[in-house]
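Worksheet: one structure, shown below.
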Amino acid sequence: MPDPLALALTPQIGPRRLQQALATDLSVAAIADLLGCEIAAAYARTLEQGLAEKEREKAARLGLRLVGMWDSDYPPVLWHLESPPAVLYLKGELPPSERNIGIVGTRKASPWATAWTHKVARELAEAGVGIISGLALGIDAASHKGALEGGGYTLGVLGSAIDRFYPPQNRALAEQMNVLSEFPLGTPPQAGLFPRRNRIVAALAKAVLVVEAGEKSGSLITARFAAELGRDVLAVPGRPGDAFSLGSNRLIQDGAGLVLNTEDVLNALGVLAPKKQAVQLEGSEAQVYRALLELSEALPDDLAQTTGLSTAETLSVLMMLELKGLVQSSAGRYSPL
């Protein structure tokens, strides 16, 4: 029986040839007329070996859904890619709306960038924005965790097959969220596959936000795909000369939207920010918080010296401010949120 999945799994059948072939009756004879006898013979072998049926059975055992180019629920935005994925291997659901942002950045993220990403992703999720990333270490993981904490939608796009999950450190995280791959089951992680997944992140998102990226970061590939697809490119500024921020700073220099907080992202997406209830601070809490705003980042001893409070009292106040979601700590240093 002719089978579009069998055609997609046949060697030498790329996305463009597959699109052409889908307009035929998918018979071996029709493929021979369209693409030549060699490809038709390879297709015939794929059919004889039952590779499509085996792939479906393996996917079903793993709880995956296969969404092919020929299916009505295939995301239309992917058709605009130069090389659209022939088949999507999906755990969970595709993005439910167009209010999605791709968040990407370095795997070796600094503490401030990880905390910032987690907070902003959580607030975006609370505002109804979907978060799409690559399920890598660092910024990717922080964005997925923030979205989950905010009770929102998040999708991880892999650079390997779902049954060859990478990196293994994020496997538990992946179990809690939606995961997507274009690679047939059994495909191991390979360096050349990760840039390919970046184009899917860019295509499914309305905008791409680069949080922290070096000069040769893979995140810049995602940003380039986004620009080519007409998506907004946003970036978070880092310290001048910081190796992990050279790429994101360069994006801003080249015209990317500068992002400092959640509201900046929501404005870029055209999403109305939810109203927040103001937190009233009095006494020592107000004193410490004002000092921290002026210093941007400080050790408890620094704040104690600035405010005239004892170190013990300052630590107690900082703990309360952290519980109220007004400050964050990293490596013993505090900064306002």
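Under this note's numbering, the first residue of the sequence shown is numbered 27, with each subsequent residue one higher.
By construction, the Cβ of each residue, glycine as well, lies at the ideal position given by its N, Cα and C atoms.
Note that the structure is predicted; figures quoted are calculated from it, not measured.
What residues match up with residue i in a beta bridge as DSSP calls it?
i    : result
S356 : R359
R91  : L116
S159 : G182
G40  : Answer is none; G40 lacks a bridge partner.
L284 : A261
A233 : I127, D258
E205 : Reading the sequence as shown, one finds Val at residue 205 and not Glu. Partner(s): K117, G182.
A324 : Y360
Taking buried to mean at least 16 other C-beta atoms within 10 Å of its own C-beta, is residue i buried or exposed?
i    : result
L286 : exposed
W142 : buried
K117 : buried
K145 : buried
A233 : buried
R225 : buried
S243 : buried
L181 : buried
P266 : exposed
Q279 : exposed
R148 : buried
D364 : The structure shown does not extend to residue 364, since the chain is modelled only from 27 to 363, so the question has no answer here.
E308 : exposed
A86  : exposed
L347 : buried
F238 : According to the sequence shown, residue 238 is Glu rather than Phe. That one is buried.
A198 : exposed
A32  : buried
G358 : exposed
L230 : buried
Q354 : buried
A78  : buried
S271 : buried
P111 : buried
S136 : buried
A173 : buried
S245 : buried
E81  : buried
R71  : exposed
A317 : buried
Nearest CA to the CA of residue i: which residue from the options?
i    : options                : result
R42  : V113, A86, A78, K84    : V113
A228 : P210, I247, L307       : I247
H170 : Q313, Q306, T140, R87  : T140
R222 : S136, A198, A249       : A249
S356 : D328, K350, L61, E323  : E323
G154 : A330, L292, A135, T337 : L292
F209 : P30, L104, A34, D29    : A34
L184 : V259, P215, G240       : P215
G89  : T332, E201, G176, G351 : E201
G240 : N275, F251, E254       : N275
S310 : A78, G40, P137, S336   : S336
K134 : F220, A217, A168, G283 : A168
P37  : L73, A56, A269         : L73
G177 : T50, V54, A70, E152    : E152
S361 : A198, P326, L104       : P326
A253 : G128, P137, E124       : G128
F251 : V130, L174, W138       : V130
P263 : E83, T340, E339, G273  : G273
G351 : L341, L363, V343, T340 : L363
A269 : Q306, T132, M345, T288 : T132
T213 : L349, R71, Y115        : Y115
V343 : V314, G172, D51        : V314
L120 : A294, S109, I157, E108 : I157
Does residue i come within less than 8 Å of chain B when only Cβ atoms are used?
i    : result
E175 : Although the question refers to chain B, the structure presented lacks it and comprises just one protein chain.
Between residue i and residue j, which are expected to be in contact by the criterion C-beta below 8 Å, what is the C-beta distance as a whole number of angstroms?
i    : j    : result
L211 : A187 : 5 Å
A282 : A261 : 4 Å
L53  : P28  : A quick correction: the sequence has Ser, not Leu, at residue 53. That belief holds up - the Cβ atoms of S53 and P28 are roughly 6 Å apart, short of 8 Å.
V297 : L277 : Actually they are not in contact, since the Cβ atoms of V297 and L277 sit about 22 Å apart, beyond 8 Å.
Answer yes or no: the CB of residue i versus the heavy atoms of the ligand SAH, is any distance below 7 Å?
i    : result
R222 : No copy of the ligand SAH appears in this structure; indeed no ligand is present at all.
Q: Flag this pair as touching only if the segment 92-102 and the segment 58-70 have three or more C-beta atom pairs under 8 Å; answer yes or no.
A: no
Q: Kindly confirm or deny that the segment 190-206 and the segment 96-108 touch, where touching means at least three C-beta pairs closer than 8 Å.
A: no
(Q) Counting beta carbon pairs with one atom in the segment 154-168 and one in the segment 179-196, are three or more of them shorter than 8 Å? (A) yes
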